[in-house]
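Undergrad: One structure coming up, written as structure tokens, with questions to follow.
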Amino acid sequence: MQAFGFNQFGGPEVFTAIDRPAPQPKAGQVAIQVIGFGFNPYDASLRRGEQANNRPLSFPIVPGQDVVGKISALGDGVTEYKIGDIVMNHRPLRGYADVVTASLAKVAPKSQALSFLDAAALPNVGVTAYALVHSLGHLEKGQRIAVIGASGSVGSLAVQLAKYAGASVLAVAGQRHADFIHWLLPDDVYFYDGPMQHNADWAHQFDLVVDAATNGTNGELAAWLVKPSGTITTVGDTGNIPAVEDVTIAAAGGKQPISDHDILMYYNHMAETYGLTVRVAKQVSFDAAGVQEAHTLLDQGGVPGKIVAIKPHGRTTRHTPDDQ
């Protein structure tokens, strides 16, 4: 099988195809024949060597936290799945590959309500958004939430999670994303680069403020929006947020009290009963060139959604008669 990784830190060009034996599942694991994988900013940070001190890894390094694919082998004791099942997988590394293995706590079936693009894009941003809104944010029905960076992959999921939970949502985003933001049906919108100024009625009125913008650098705005005794959650460093008396501040990234399997199952149920939009900006080829293209876009920044690589996997619906 092939994986796509690098033997030295550098630019996108360091990625190459690596031949290696297909991994075999251990007890309690499944092997997944990968159909698609997603790209995340953390992958590019790994490639540039920015994580080398915090997370030393041996070369070759194969990034990849998002996978959708078909189960190709079962480890001892696995009865929850059968060979051929289509699943999603949230993983720490090595998703850029033809075959991966994963423990059951990191795997969930792909709902038919989700496309392969959705499923390849969802796991990492989905788990992060769930942490911001539920595991850390403890959002309840009827509360008010403001989502900063609502147009991004994490932020748009946070908006949808909050609406699904019965909360009132203020979506904060750039004006160029207006059409997409309105598609999410927030209760109110603030475009921070538009002519509209801060509405004084928003000051200190939100039970939960989620800063899902890139690197979580909107701490002052979050502090202005949150109510006394409220909560701010962020994808960035909590040090970016001014200290606010009686306000809980928490950053995503730690272990959650619910498994990745259960979080992905939550999204399945949400997709089937409410609807789910996973923002995908670009599909690239499932090869080294596609990986290099994706990482070039990650380095440039400003991509409005996830980038995914998908293998050709055949039609699932027939559009022509059998004899054509």
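Note that my numbering numbers the sequence shown so that position 12 is 12, with each residue one more than the last. C-beta atoms are modelled at their ideal positions from N, C-alpha and C, and glycine is treated no differently. All of these numbers come straight from a predicted model, not from anything done at the bench.
What are the complete beta strand (DSSP E) segments, minimum 3 residues, inside the segment 107 to 158?
TA: 107 to 109, 144 to 148
Undergrad: Under a Cβ-count criterion, where at least 16 other Cβ atoms within 10 Å of its own Cβ denotes burial, should E293 be classed as buried or exposed?
TA: buried
Undergrad: Work out the CA separation of G305 and K282 for me, nearest whole Å.
TA: For K282 and G305, the distance between alpha carbons rounds to 8 angstroms.
Undergrad: For G95 and K110, what's the separation of their Cα atoms in angstroms?
TA: When the Cα atoms are used, G95 and K110 turn out to be separated by approximately 17 angstroms.
Undergrad: When the distance is taken between beta carbons, is N215 closer than 8 angstroms to G325?
TA: Residue 325 falls outside the range modelled here, since the chain spans only 1 to 324, and no answer is possible.
Undergrad: Should E32 go down as buried or exposed, given a rule of 16 or more other Cβ atoms within 10 Å for buried?
TA: The sequence given here has Ile at residue 32, not Glu. When all chains shown are included, I32 counts as buried.
Undergrad: Can you name the residues that DSSP bridges to F191?
TA: A173
Undergrad: Could you spell out the range, first to last residue, of the alpha helix (DSSP H) harbouring I18?
TA: It is not in any alpha helix (DSSP H) - I18 instead sits in the beta strand (DSSP E) that spans 16 to 19.
Undergrad: Could you give the distance in angstroms between the alpha-carbon of V78 and the alpha-carbon of V30?
TA: 8 angstroms
Undergrad: Counting beta carbon pairs with one atom in the segment 32 to 43 and one in the segment 10 to 17, are three or more of them shorter than 8 angstroms?
TA: no
Undergrad: Assuming G243 is part of the alpha helix (DSSP H), what are its boundary residues?
TA: The sequence given here has Ala at residue 243, not Gly. Counting along the chain, A243 falls outside any alpha helix (DSSP H), and DSSP gives it neither H nor E.
Undergrad: Does the segment 266 to 279 come into contact with the segment 109 to 126, if we say contact requires no fewer than three beta-carbon pairs (one atom in each stretch) closer than 8 angstroms?
TA: With a cut-off of 8 angstroms, the segment 109 to 126 and the segment 266 to 279 count as touching, because enough Cβ pairs lie within range.
Undergrad: On a CA-only basis, which of V133, T101, G5 is nearest K70? Give me that one, please.
TA: The shortest Cα separation from K70 among V133, T101, G5 belongs to T101.
Undergrad: Can you check whether the CB of V169 is closer than 8 angstroms to the CB of A178?
TA: no
Undergrad: Give me the Cβ distance between V125 and V154, rounded to the nearest whole Å; I'm assuming they're in contact under 8 angstroms.
TA: 5 angstroms
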